[in-house]
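Worksheet for the structure shown next.
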Amino acid sequence: MKQKENTQLFKKLLLFAFMALTVAVSAQEQLLSGTVTDTNGQTVPGVNVVEKGTSNGTSTDFDGKYSITTTTENAVLVFSYIGFQTLEEPVNGRSSIDITISEDTQQLDEIVVIGYGSQKRKDVTGAVASLKAESFVQALPVAPEQLLQGKIAGVNIVQSSGQPGASSTVRIRGTSSISAGNEPLYVIDGVPLQFGSANNSVRTVTSGSSPLSEEAINPLSLINPADIASIDVLKDASATAIYGSRGANGVIVITTKNKGQYGEFLQYDSYTGIAYVPELLPFLNADEYRAYANSNDLPFSDEGVNTNWQKEVFRSAVTQNHNLSFAGGSRTTNFTASLGYNNQEGTLLSSGLKKYTARINGNHTTLDDRLNIGVNLTYAKLDETRAAVNSNIADEGGNLLKDALRWAPTLPVYNDDGSFYQIGALRINPVSWTQVSDESDSSLLLGNMNAAFTILEGLKISTNLGYSNEDVNRFTNIPSTHPAGEGQGGTASISKYTNRNILAETNLTFDKQISDDSYLSLLAGYSFQRFETQNTFTSANNFVSDATEWNLIQSGTIQSNTSFKDANRLSSYYGRLNYKLKDRYLLTFTLRRDGSSRFGDNNKWGTFPSGALAWNVTDEDFMQNSKFSNLKLRVGYGITGNQEIPNNLYREQLSIAGSAIYVFGGQAIPSVLPTNFQNQDLKWEQTSQMNFGADFGFFDQRLYGSVDYYIKNTDDLLLQFSTAAPSVVNTQWANVGEVENKGLEINVTGDIITNDNFSWTSNVNFSTNKNEVLSLSNDNFQRDEIRTSSGSGVVGNNALTQIIKPGLPLNTFYGRQFTGYDADGLETYLDVDGEDGADEVVIGDANPDWTYGFNNTFKYKNIDVSINFRGVVGNDIYNNTAAEFSYVSQTPGVNVLRSALDTGSSRAQTAQYSSQWIEDGSYLRLDNLTVGYNFNTDKVGFIKKAKIYLSGRNLFVITGYTGFDPEVRTRSIGIDYLVYPRPRIFQIGTSITF
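Here it is as structure tokens:
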């Protein structure tokens, strides 16, 4: 009985204790809610709201609202959001807290993405430049590299042509290699991609005798610029050495958007526009053509018309773009996704592209925020049609643009029956080239899975598995009814190219405040990457019917049938140390060791170290009353490599020798002969770089910028040498030679005016680079010079237009110095040695003396305006097009430029390459002007933001150059021949966020 009473008493005491504990806990917990807005009163979705010192947190919804239950009524809430100042707010027993957050104007706290990590701007010791999505112009280009044009000092970008989706030549701190690639390494969401020149050649499927385009398909155009959150450019060796044998040409790190950066949103962006060629070349019209022919008693065909052939092949082209992006989730699980569509007609007939993109990024955090799992997946499809324009066309060969320039204006487009007017196989009606088909479809699947686990506070292990698959299919057809195909019974070709990339890497990081004055960050990692390329090419002619185009290629006579499959591997160990003392003294040291299958057994592994020091001078006591708001001095040195060469160059290579036939048993057997000596000592080109830099700021960072001076030496150049006779082997690859680049980069940004109604932010960047070839020889291989870059068209005749020689920069023009005409109207040239008057000398330099950009953003109430200028000074261009069409000796069969009539040249003078056709390529371009209006959406509950804008691109160019456009590149930098001109574009667009 007594035991039963004790039991009942114990239950009552236990119940009382539980109730007391619940009351105590309830008294400590605090449920509160609120709204987060910016300084303009707009709600801000996606703001992280965390109880300080705990993992308890949430984020604001679409309306900027949040609710959270704190563990104590004396809790402190931390509000944080990318681009805004972090704010701490004590609860103090309140149940409702509304917060206003301000934009983070402290540029020093900007997060910069570096190799395998990120840092605050103030802690960066290397030369790293960044662009955020907020600084992109509203109407985005097709390819992401074009976002950098005129924005970053030391980065020179030349778009190869006006073909939609055209590739660009990107140079960071000059050209360092002769035979290997000069393009930077691209890293997209942590996956390094192999888009260098070693792969570009297999994306082109024609030859110099073909009228079809040889321009490489731009793989970067498969990335949707609207998905990009930031682009970080690593320029000096202390920043790029973490990528070792691929860091010599700089590194461009592209990070796509995720929910953590932009909160919950549903956004629709769209624009449509019109594009046209702003200025046509001044060729003779029909009256001028007739007058010249008649005054010289020259026979010509005259159908009584005045045809402007350039107007016949160029058109006003329509472009449209649609992008839908959305994000959602909770603090622990979130995603960002997008769908994109771009349809861009080309200004040349029969050209254009359609692009479809889809992307999803997801993150999940669990185990009390110790484990983070992420997935990034991008798919893109690109359908292109190409005009029949080949800038490398030889001799009398024609194509759409060449025939549009040379066809007589006295000839009509059509016969009376509606068929194309034709006069012969070498003079083809320009408009009839639209009967030629050149189509390609490309796709890119790019993805990676990553996981990071916090072992202990400050100690984290992470892994990243990446995969990319790029497929390019190209189909061409010239029907037998077309003059270019009738003598062959029609021609067709099929090319299929695949590039696969598999990445596996594991990193261990340690970040610790080891004392009040010292901070230490360590990185150690291993990476393995495998690249596989596969290509098949088939061409045929003599088809029974044109109706099948390329679809029954086996029904024709096979002319070429080739295929290959190749792979290379890269295995790497790397590490980095960052040490910070008293927030003033910064040290960075990196080390990477790469093993590449592209090099011989004696040099398969290479080591690439770098180190950098920085001093935050403004944190010193003696700078407290200084006018500087920031002054940081930097110095860095490192060694990087360049392995962008074809595979297997170190091996002995064999080929079938068609000229060496042996007869066995009455059957002719072709022999197999070596074409390249093996060289087990072959290794990567090596670049050592010294960088001196300073970051500065005044007036509380309202004016800030950076200055960098670098010296960059590349040695062990990969060059091909002819072998000495007698030998069945023609060539051998070896590491010989040295190239130097040195230059100055200046970048200054100023918030010139900042008030409630009006603001003006301006950026100026300037860079200069001096390039020089130091050597082309060593003890085993000697060479005085290399002639390169043959001309094109009737001026070509195998004339090599450029020279590589010690003491001169790469891309130096070399030829005869034009001095005028003699009494007979024949050209005369500088006679250096007094013998024949045909001596060759340096006649130009395709490298600019300096490049610059000038970018401005204005905001007045709801109106914003962005204006972007860029330009180059001091570069020379070989106007091969002018050289082709400035000789009256070609008339009346060929039309000529109007200026040809005033040169004084005789009809006996044939087209020649000389300094007469080297022109100054300096220019100032208004690259973009955008005017936008932001609507007040306070009274429209479901719309958070709405904007409409007008945009113009390539609005004007101030230049003395007489070609279509001074921004050119055909066979080599600085050569202009039949380049598809860049269009002027006007667009109207809208952006709505729900």
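Start counting the sequence shown at 8; every next residue gets the next number (this note's numbering). Beta carbons are placed, not taken as given, at the ideal position from N, Cα and C, and that holds for glycine.
Extent of the continuous alpha helix (DSSP H) run through residue i
i: GLU295; result: 293–302
i: VAL964; result: Note, VAL964: premise wrong, no alpha helix (DSSP H); beta strand (DSSP E) at 952–966.
i: GLN317; result: 316–320
i: SER796; result: Looking at the DSSP string, SER796 is not in any alpha helix (DSSP H); the run it does join, the beta strand (DSSP E), is 793–797.
i: GLU556; result: Segment: none, GLU556 is in no alpha helix (DSSP H) and carries neither H nor E.
i: GLY492; result: 490–493
i: THR247; result: 244–247
Residue i versus residue j - alpha carbon distance
i: ASN1002; j: ARG338; result: Outside the modelled stretch of the chain, which goes from 8 to 1001, sits residue 1002, for which no answer is possible.
i: THR997; j: ASP239; result: 27 Å
i: THR768; j: ILE810; result: 44 Å
i: THR944; j: ILE950; result: 6 Å
i: ASN961; j: VAL320; result: 21 Å
i: GLY157; j: THR682; result: 44 Å
i: THR213; j: SER220; result: At THR213 the pLDDT is 43, less than 50, meaning the model places this residue with poor confidence and gives no usable figure here.
i: LEU452; j: SER475; result: 5 Å
i: ASP448; j: ILE560; result: 18 Å
i: ARG600; j: SER579; result: 6 Å
i: THR373; j: THR505; result: 38 Å
i: ILE106; j: GLY700; result: 40 Å
i: HIS329; j: LEU155; result: 22 Å
i: GLN520; j: LYS587; result: 9 Å
i: VAL901; j: LYS362; result: 39 Å
i: VAL119; j: ALA387; result: 27 Å
i: VAL947; j: ASN935; result: 32 Å
i: PRO988; j: ASP972; result: 7 Å
i: MET697; j: GLN566; result: 52 Å
Candidates the options: closest to residue i by CA position
i: ILE5; options: GLN536, ALA282, GLN727; result: With the chain represented from 8 up to 1001, any question about residue 5 goes unanswered, as that position is not in the structure.
i: ALA232; options: GLU152, LEU219, GLU286; result: The identity of residue 232 in the sequence shown is Pro, whereas the question assumes Ala. Among GLU152, LEU219, GLU286, the Cα nearest to that of PRO232 is on GLU152.
i: TRP740; options: ASP688, GLY822, ASN368; result: ASP688
i: SER277; options: PRO171, ASP196, GLN145, ALA150; result: GLN145
i: TYR716; options: THR730, ILE249, LYS749, LEU724; result: LYS749
i: GLY939; options: LEU933, ILE955, GLY928; result: ILE955
i: GLY405; options: ASP375, SER439, GLY381; result: SER439
i: ASN654; options: GLN789, ALA547, GLU493, THR540; result: THR540
i: LYS611; options: GLY970, GLY602, THR470; result: GLY602
i: GLN317; options: GLY124, LEU288, THR614; result: LEU288
i: SER137; options: VAL51, ASN649, LYS242; result: LYS242
i: SER469; options: THR513, GLN495, SER444, ARG434; result: THR513
i: ALA853; options: SER62, ILE663, VAL642, TYR885; result: TYR885
i: SER358; options: GLY169, TYR984, TYR299, ARG583; result: GLY169
i: LYS139; options: GLY496, ILE261, THR441, TYR123; result: ILE261
i: LEU418; options: SER500, ASN341, ALA293, LYS409; result: ALA293
i: ASP376; options: ALA187, ARG583, ASN63, PRO490; result: ASN63
Opening and closing residue of the beta strand (DSSP E) in which residue i lies
i: ASP601; result: 592–603
i: LEU452; result: 444–463
i: LEU527; result: 525–548
i: LEU412; result: Looking at the DSSP string, LEU412 is not in any beta strand (DSSP E); the run it does join, the alpha helix (DSSP H), is 407–413.
i: ASN742; result: 738–742
i: ASN506; result: 498–520
i: ALA334; result: 324–336
i: ARG101; result: Per DSSP, ARG101 belongs to no beta strand (DSSP E) and is neither H nor E.
Exposure label - residue i; buried when at least 16 CB within 10 Å
i: ASN81; result: exposed
i: TYR859; result: buried
i: VAL149; result: buried
i: GLY251; result: buried
i: GLU141; result: exposed
i: ALA411; result: buried
i: THR597; result: buried
i: ARG393; result: buried
i: GLU627; result: exposed
i: GLY101; result: Rather than Gly, the amino acid found at residue 101 in this sequence is Arg. Exposed, by the Cβ-count rule.
List, from N- to C-terminal side, the beta strand (DSSP E) runs of 3 residues or more that fit wholly inside the region 697–733. 710–722, 725–729
In chain order, which continuous runs of the alpha helix (DSSP H) of length 4 or greater are located wholly inside the region 874–919? 887–891
Every unbroken beta strand (DSSP E) inside the region 31–92 [3 residues or more]: 37–44, 55–58, 64–66, 72–77, 83–87
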